[in-house]
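Notes to accompany the following structure.
Residue numbers (full-length UniProt numbering): 1 to 178.
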């Protein structure tokens, strides 16, 4: 399967996954939702910094959860950094999801779910195990790697013309020796 075909199948599977989720419990952001979220955060920051304006819990939640980083003149949605040792974790749009997972998967040598999750958690905030499993189900190299049958130890019978032709048996009478 070539990369374009894999990309199309991945996008279709992600759309099905999004449809199965509740709207209030959804990590996935399409382009419109991403831009809308950035506008909300900017509005919340202005509201919280302006005196005399009514503040609501949504404003506090937005500022606590999200932040905006400007890279090359573009606004990027990031997770709020609480510790100085923490790195920047970006929120990913649905359109970027395949490319990010694919590049990470090939960079770690077709690693499995846990290795990919550990690597992606360092840089991205909204990549889930479900999306990784969708990608892994489509990766043809991983299917080739895991489809090799594992052979166990097989003993072969001894084929000889004199096999089982002679035997010696010693009987010991244990009752008479006492």
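Backbone N, C-alpha and C fix where the C-beta goes; we use that ideal spot for every residue, glycine too.
Boundaries of the alpha helix (DSSP H) around residue 34: 31 to 49. Residue 93 is positioned such that its CB atom lies no closer than 8 Å to that of residue 135. Burial check for residue 141: the Cβ neighbour count within 10 Å stays below 16, so the residue is exposed. Taking C-beta atoms under 8 Å as the contact rule, residue 78 and residue 91 qualify, at a distance of about 7 Å. Three or more Cβ pairs drawn from the segment 9 to 22 and the segment 118 to 134 lie within less than 8 Å of each other, which places the two stretches in contact. According to the DSSP assignment, residue 169 belongs to no alpha helix (DSSP H), since it is labelled neither H nor E. Taking the Cα of residue 96 as reference, the smallest distance to any Cα among 113, 88 and 76 is reached at 76. Counting every other CB atom within 10 Å of its CB across the protein chains shown gives residue 143 a total below 16, marking it as exposed. The shortest C-alpha to C-alpha distance from residue 1 to any of 138, 174, 168 and 172 is the one to 138. Taken through DSSP and simplified to helix, strand or coil, residue 90 comes out as strand.
Judged by DSSP in its simplified three-state form, residue 101 adopts helix. Taking residue 65 as reference, the option from 82, 54, 50 and 53 with the minimal CA-CA separation is 82.
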